[in-house]
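So the structure is just underneath, and the comments pick up after that.
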Amino acid sequence: MSMENPPPPALIRVPIRIVVLVVVLPIRMTWDALAAAAHLLDRTVLRPTGRGIAWAWTGVGRGLALVFTGVGRGIAWVFRHTVTRPARWLYGAVLAPVGRGIGWVLTGVWHGLGWLFTGVGHGLGWFFTGVGRGLAWFFVRVGRGLAWFFAGLWRGIVFGADRLWRGLSVAGLWLGRAVFVWPWVGLWRYVVVPVCRYGIAVPAVWLYRQVLAPLGTGLAFLLEKAVFVPVAAFFTYVLIPLLRYGVVVPVLWFDRSVLTPVGQGLGWFFPRLGRGIAVGQVWLARAVFVWPWVGLWRFVLVPVVRYGIVGPLAWLWNRVLVPVAREVRDALAVCWRVAGYVSLAVGRALGWAFRTLVGRPAAWFWRSVCAPVGHWVRDSVWAPARRAAVQAGRAAKEALASARATVREALASARATVREALASARATVREALASARATVREALASARATVREARRDAWRALVGGARSPEPGEPEAARARTLGSTTNVPGAAPAPEISLRKRG
Numbered sequence: 004m005s006m007e008n009p010p011p012p013a014l015i016r017v018p019i020r021i022v023v024l025v026v027v028l029p030i031r032m033t034w035d036a037l038a039a040a041a042h043l044l045d046r047t048v049l050r051p052t053g054r055g056i057a058w059a060w061t062g063v064g065r066g067l068a069l070v071f072t073g074v075g076r077g078i079a080w081v082f083r084h085t086v087t088r089p090a091r092w093l094y095g096a097v098l099a100p101v102g103r104g105i106g107w108v109l110t111g112v113w114h115g116l117g118w119l120f121t122g123v124g125h126g127l128g129w130f131f132t133g134v135g136r137g138l139a140w141f142f143v144r145v146g147r148g149l150a151w152f153f154a155g156l157w158r159g160i161v162f163g164a165d166r167l168w169r170g171l172s173v174a175g176l177w178l179g180r181a182v183f184v185w186p187w188v189g190l191w192r193y194v195v196v197p198v199c200r201y202g203i204a205v206p207a208v209w210l211y212r213q214v215l216a217p218l219g220t221g222l223a224f225l226l227e228k229a230v231f232v233p234v235a236a237f238f239t240y241v242l243i244p245l246l247r248y249g250v251v252v253p254v255l256w257f258d259r260s261v262l263t264p265v266g267q268g269l270g271w272f273f274p275r276l277g278r279g280i281a282v283g284q285v286w287l288a289r290a291v292f293v294w295p296w297v298g299l300w301r302f303v304l305v306p307v308v309r310y311g312i313v314g315p316l317a318w319l320w321n322r323v324l325v326p327v328a329r330e331v332r333d334a335l336a337v338c339w340r341v342a343g344y345v346s347l348a349v350g351r352a353l354g355w356a357f358r359t360l361v362g363r364p365a366a367w368f369w370r371s372v373c374a375p376v377g378h379w380v381r382d383s384v385w386a387p388a389r390r391a392a393v394q395a396g397r398a399a400k401e402a403l404a405s406a407r408a409t410v411r412e413a414l415a416s417a418r419a420t421v422r423e424a425l426a427s428a429r430a431t432v433r434e435a436l437a438s439a440r441a442t443v444r445e446a447l448a449s450a451r452a453t454v455r456e457a458r459r460d461a462w463r464a465l466v467g468g469a470r471s472p473e474p475g476e477p478e479a480a481r482a483r484t485l486g487s488t489t490n491v492p493g494a495a496p497a498p499e500i501s502l503r504k505r506g
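Residue numbers (my numbering): 4 to 506.
Printed below as a string of structure tokens:
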């Protein structure tokens, strides 16, 4: 320490340190108490609360993930076993065979009708060709009647074909609806809609009302009480009053009480001073206002201020204020450390009292009462309950497996039943087609016989001749040789007269 700033005597140092210690000791003890309370709050409340919230969020997230995963898998399993597999089986076992059968039936019917109309057309063409050649000379007389007859016959054929086509169209339309529309409408109305309504919508609404809405309400309440209310209280009772009474009110008072009067006074003074200086003369102003003030400043004010004010103030600053301030600074540092030791001793005493009065009895109560009770609860209540829950879960899994096996057996039996029904339907269709083919053949045979008889009747009507009394095969001509009367061995001789000359 230099000689210009000598150390103050102990008469000043000791009272200053005593006063500073008396002032600093409550502040230091309060500070230490707040720091200890903050550390205790952090260790016992904030960190466990944060870990609990994180654990709860993790558990809730895992639970929701498991729930949604299980629900999704269940929905996928239900959709696969109620929509995909039945639809695939329905297509492979019902729709495709029915479609192939219908195609086969329509193809057979089409070929049969084509063959029928082709045979009838060929027969009618051959018949009308022969009749036309035989009745060429008779066409003028009976042409109008035959034309009317054939025109009516053609209208009847066209009308019958039109009615047949309309009937087949209506039957095909109803069959298409029964095969391609009604099953899907029933599947949508009685399978997809109930599954979506009672398998997805109702559980989702229940989950939202019973789990998500209460959980969201609780989280909103916790967030409001833990974050929003403290932040609002901090803004309302700390920041706003501090800004209002620490910044805004002093600034307004300084503006209203100091700056505004000074500005008004300066605004009133300077214009008048300018007018006075402008009116007065420069030398008179110097002689009156400058030279006396210069002399007063130079010879009166400067010596008075220098030797009467500045010197004593500098001595007071260097000899009194600076040592006192330095001593107060050192006293603050020393007293802060001393107050720390005192606060530490008081804290240890309070900790010993708390351990003696609360901690040891609580530890004894935990070891002697809570731990045995907890062990008994764990061994006698929790372990049997857990084993029962495990057994119940296994029983539920076995019941689910048996239900799945039952469903599979029912599906297999239903498939076998449908296959048998399809096989019987195929046999029935085949028999119906065989009978239809036989009926068509008989109708064609009768039509051919009718055409033959009509042809023979027309020929006899044209060329003459007696009709055979009994139906049957035509009489076979007796074998003969052309231009000779020699008969074939074992055959009766045939007449030489032709049918035209015989008639």
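Built from N, CA and C at the ideal position, the CB exists for glycine as well.
Everything numeric in this text was worked out from a predicted model, so none of it was measured.
Secondary structure note for G73: its alpha helix (DSSP H) is the uninterrupted segment 50 to 82. By a beta-carbon distance limit of 8 angstroms, V198 contacts V81. Their separation comes to about 6 angstroms. DSSP places R301 in no alpha helix (DSSP H); its state is neither H nor E. The beta-carbon distance between L215 and I105, rounded to whole angstroms, is 52 angstroms. This is too long to meet the 8 angstroms contact definition.
If you look at L226, you'll find it in the alpha helix (DSSP H) that goes 216 to 226. Between V23 and V327, the C-beta gap is not smaller than 8 angstroms, which leaves the two residues out of contact. For S383, there is no enclosing alpha helix (DSSP H), as DSSP marks it with neither H nor E.
By the neighbour-count criterion, in which 16 or more other beta carbons inside 10 Å mark a residue as buried, V27 falls on the buried side. For T87, the closest of R158, W187, V108, A457 by C-alpha to C-alpha distance is W187. C338 counts as buried, since at least 16 other C-beta atoms from the protein chains shown sit within 10 angstroms of its C-beta. Rounded to the nearest angstrom, the gap between the Cα atoms of V101 and V182 is 8 angstroms.
Between the stretch 41 to 60 and the stretch 366 to 382, the count of C-beta pairs closer than 8 angstroms stays below three; the two stretches do not touch.
Between V421 and A96, the C-beta gap is smaller than 8 angstroms, which places the two residues in contact. One Cα belongs to F257, the other to G268, and the distance between them is close to 16 angstroms.
In this structure, the straight-line span from the alpha carbon of A406 to that of R76 is close to 17 angstroms. Looking from the CA of A430, the closest CA among V108, T61, A174 belongs to V108.
Where I243 is concerned, the enclosing alpha helix (DSSP H) starts and stops at 243 to 246.
Counted as a single uninterrupted DSSP element, the alpha helix (DSSP H) harbouring C199 occupies residues 196 to 199. In the pairwise beta carbon analysis, the stretch 30 to 40 is classified as touching the stretch 340 to 356: at least three pairs are separated by under 8 angstroms.
Taken atom to atom, the span from the alpha-carbon of W209 to that of V63 is near 17 angstroms.
In this structure, G170 and L436 do not form a Cβ contact; the two beta carbons are roughly 18 angstroms apart against a cut-off of 8 angstroms. Around the beta carbon of S449, a 10 Å sphere encloses fewer than 16 other beta carbons of the protein chains shown; the residue is thus reported as exposed.
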